[in-house]
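Chains A and B, in that order, give the protein sequences.
If you're matching positions, the first sequence starts at 456 in the numbering used here and goes up one per residue.
If you're matching positions, the second sequence starts at 1420 in the numbering used here and goes up one per residue.
Just so you know, even glycine gets a beta-carbon here, dropped at the ideal spot from N, CA and C.
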Amino acid sequence: MTESARKSWLLDILMLPVGLVTFFPFYLIIVNTLKSPVETAANPMSLPTKLNFDTYARVFKEIPLAQSFGNSLVITIVSVLLMVLIGAMAAYPIVFNPGKLNRVIMGYLLAGFLIPFQTTLIPLFELMTDFRLIDKLYGLIFIYMGGAVFVFFLMMGYMKTIPKELPEAAIIDGCTVGGIFWRIIFPLLKPITVTAIIYQTMWVWNDFLAPMLFLNSSDNATLVLQVYKAKGEFAVDWPLFMTLTVIVLIPIFIFFILMQKQIVKGIVGGAVKG
Amino acid sequence: MKLLRGLQYQLFLLPILFFYTIFTIYPLIKSFFFSLTNFNGYSKEYDFVGLANYLKIFKDTAIMSGISYTLLFAISTTVLTTLLAIVLALVLDRNFYTRNIHRAIFFFPSIPSGLILAYVWGFILSPIASGVLNSVLHDLFGMGPQPWLSEPFLAKLSTILVAVWAGAGWHAVLYLAFLQGISKDYYEAAAIDGATRFQQIRSITLPLLAPAMTISVMLLLTGGLKVFEIPFALTKGGPGFETHTITQVIVLRGISEVQFGLASAMSIVFFLIVLALTYFQVTVMQRREEKML
Chain A
456 MTESARKSWL LDILMLPVGL VTFFPFYLII VNTLKSPVET AANPMSLPTK LNFDTYARVF
516 KEIPLAQSFG NSLVITIVSV LLMVLIGAMA AYPIVFNPGK LNRVIMGYLL AGFLIPFQTT
576 LIPLFELMTD FRLIDKLYGL IFIYMGGAVF VFFLMMGYMK TIPKELPEAA IIDGCTVGGI
636 FWRIIFPLLK PITVTAIIYQ TMWVWNDFLA PMLFLNSSDN ATLVLQVYKA KGEFAVDWPL
696 FMTLTVIVLI PIFIFFILMQ KQIVKGIVGG AVKG
Chain B
1420 MKLLRGLQYQ LFLLPILFFY TIFTIYPLIK SFFFSLTNFN GYSKEYDFVG LANYLKIFKD
1480 TAIMSGISYT LLFAISTTVL TTLLAIVLAL VLDRNFYTRN IHRAIFFFPS IPSGLILAYV
1540 WGFILSPIAS GVLNSVLHDL FGMGPQPWLS EPFLAKLSTI LVAVWAGAGW HAVLYLAFLQ
1600 GISKDYYEAA AIDGATRFQQ IRSITLPLLA PAMTISVMLL LTGGLKVFEI PFALTKGGPG
1660 FETHTITQVI VLRGISEVQF GLASAMSIVF FLIVLALTYF QVTVMQRREE KML
């Protein structure tokens, strides 16, 4: 913008209260994890008078956090990688082997965008019960596979920018259809793969509805589900609950710090395509 | 040879077709089928009841309340988040010392799960006098404690504002990316012609943000209609059914009470609402994009 070269303190001063209010909830939970329950009840907003890490020790004793973290990690990694894989695979014939049939298949897959998960929920619940997939990590992973349609859509848009001559030349050189995909096309998809991974990771890691419905034992709970269960059990023990919240937020906070640039780019990439 | 190669290509479609058909299309068709029956989930015997389940929707207070609250939530979060996100994006596009810190602060609430964020807000909005917001308001204005989450109007307002807080930064980043794509030449030309900063925003920035707005509003609207976590964590859908979302009603009637027929009819109606609103919004806004350019 025309005036952007000049820095002014005016916006810094104007934005300070807005930023503080936005950040306030995070400040609040962090300070309260370091206080005793008595101190929290008396004055929730103040800084702790003396640092008290007892609550952290208590949380790790009361709640199987390591196990839930592992569950969340397994569910997220496996389902995101599978979604990316089958989404990219599906885009390959649609783009490089076009025809009437594949146009119909494309429409069939893209219709998935318009179908809310909630609409399929009751038959899914019956299906999962019949196949004994309730309370199984891989059962939940199957549920997430519906999300591959979004990856397919992103991949298809990106694949169209790859010149057609590339696979044609490879065929003349004696490369197989499979070989072209794995050795030439898939590696070229890296930028859009990053976008897809970020979107799907944030969705699966944070999801609550599907784990709530399809995982019921504490052993199989994801981190988000563990927070939900703890809210029921330790509702009045705010320091314990907030400490749990802070611990659960740490991995996603690290993800945010490490990936900030890619997250922003990914969101924009996905939105422009979408 | 060519046929064989075509077949080899088609093999790549099999995994997605398998999962998508079993876990999305088949349940969708079955949902429609259930909605026409009195199937209760247990007994294998059931009858076709025609549209009776659909008629029951209108007599079910929980469902009707769920529909009206969800529509209110989706529309108000969309409008408020859009206004806030555009203003934020305009500010965060300017050059100031703490710009990057502010970008991070506003964006961060969109990273964690809505359930966890809403629980934190539940603590702040606690209705007792020593609740965080209530004590702040008491100290500043001498106000008495307000039942932020247990009075129908306040509960609706609180859930909507928490959702706006959680989503505004994410959408601001989306607008920001489009803002940065606008060529500086436009502004320079306008400045030479004597346009004020406000005129520049109105006649250059906002029209060029129209495509970003179509996407952002679509995401907000569909996300708002599918909302579950934030109201569930803040109010559990109460007081009464005042902040029940459609999703919560489907879970309640379908999974908890195993009224498969009624809940399926509800979920089909929900599908149609999402379909109609999205179609309407995208068509209207794309026409607006064309008019503005």
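- Note on alanine 1508 of chain B: 16 or more other CB atoms within 10 angstroms of its CB, so buried under the neighbour-count rule.
- DSSP, read as helix, strand or coil, puts phenylalanine 1617 of chain B in helix.
- Around isoleucine 1649 of chain B, no beta-carbon contact reaches into chain A at under 7 Å, the shortest distance being about 10 Å.
- By the C-beta density criterion, asparagine 661 of chain A is buried, having at least 16 other C-beta atoms within 10 angstroms.
- Residue state for threonine 1456 of chain B is assigned as strand, using DSSP reduced to three classes.
- If you look at phenylalanine 608 of chain A, you'll find it in the alpha helix (DSSP H) that goes 603-614.
- With its beta carbon less than 7 Å from one in chain B, phenylalanine 711 of chain A belongs to the interface.
- By the criterion of at least three beta-carbon pairs nearer than 8 Å, the segment 1511-1527 of chain B is not in contact with the segment 1661-1677 of chain B.
- Along the length of the segment 641-683 of chain A, whole alpha helix (DSSP H) runs at least 4 residues long occupy 645-661, 664-669, reported in chain order.
- Contact of phenylalanine 478 of chain A with chain B is assigned, a C-beta pair being separated by under 7 Å.
- Three or more beta-carbon pairs separated by less than 8 Å link the segment 582-601 of chain A to the segment 1429-1449 of chain B, which places the two stretches in contact.
- Counting only runs of 4+ residues, the alpha helix (DSSP H) found wholly inside the segment 531-591 of chain A occupies 555-565, 572-585, in chain order.
- DSSP places glutamate 494 of chain A inside the alpha helix (DSSP H), whose first and last residues are 492-497.
- Per DSSP, the beta-bridge partners of phenylalanine 1467 of chain B are B/Thr1456.
- About 10 Å separates the beta carbon of leucine 1576 of chain B from that of glutamine 1565 of chain B, a gap too long to meet the 8 Å contact definition.
- Identification of chain B residues near phenylalanine 608 of chain A by a Cβ-Cβ cut-off of 7 Å yields none; the smallest Cβ-Cβ distance measures about 11 Å.
- In this structure serine 1495 of chain B touches isoleucine 1579 of chain B by the C-beta definition: roughly 5 Å separates them, less than 8 Å.
- Not flagged as an interface residue toward chain B: asparagine 675 of chain A, since no C-beta distance is shorter than 7 Å.
- Residues of the segment 1692-1705 of chain B with a C-beta less than 8 Å from any C-beta of chain A: Val1693, Leu1694, Thr1697, listed in chain order.
- The DSSP-derived three-state label of isoleucine 617 of chain A is coil.
- In the same chain as valine 1583 of chain B, and ignoring 5 residues on each side of it, the C-beta atoms closer than 7 Å to its own belong to Thr1496, Leu1499, Thr1500, Leu1503, in chain order.
- By the C-beta density criterion, methionine 697 of chain A is buried, having at least 16 other C-beta atoms within 10 angstroms.
- In terms of Cβ geometry, asparagine 675 of chain A and glycine 1425 of chain B do not form a close pair [threshold 7 Å].
- For isoleucine 532 of chain A, the closest alpha carbon among the candidates A/Phe597, A/Leu502, A/Ser501 is that of A/Phe597.
- Secondary structure at threonine 477 of chain A: helix, using DSSP grouped into helix, strand and coil.
- Straight-line spacing of the CA atoms in threonine 488 of chain A and phenylalanine 572 of chain A works out to 36 Å.
- Counting the other CB atoms within 10 Å of its CB gives serine 1683 of chain B a total of 16 or more, which places it among the buried residues.
- Put simply, of B/Tyr1461, B/Leu1433, B/Leu1681, B/Gly1680 the residue whose alpha carbon is nearest the alpha carbon of asparagine 557 of chain A is B/Leu1433.
- Around the beta carbon of arginine 587 of chain A, fewer than 16 other beta carbons sit within 10 angstroms, so the residue counts as exposed.
- Distances from the CA of phenylalanine 1647 of chain B to each of B/Tyr1606, B/Leu1625, B/Gly1485 were compared; the closest alpha carbon is that of B/Gly1485.
- Look at threonine 574 of chain A: its C-beta is under 7 Å from a C-beta on chain B.
- Note on threonine 477 of chain A: 16 or more other CB atoms within 10 angstroms of its CB, so buried under the neighbour-count rule.
- By the C-beta density criterion, lysine 1478 of chain B is exposed, having fewer than 16 other C-beta atoms within 10 angstroms.
- Tyrosine 1461 of chain B carries a coil assignment under DSSP once its states are collapsed to helix, strand and coil.
- Annotation: Cβ neighbours of valine 1510 of chain B in chain A (cutoff 7 Å, chain order): Leu466, Met470.
- Here isoleucine 1543 of chain B is buried: its Cβ has 16 or more other Cβ atoms, across all protein chains shown, within 10 Å.
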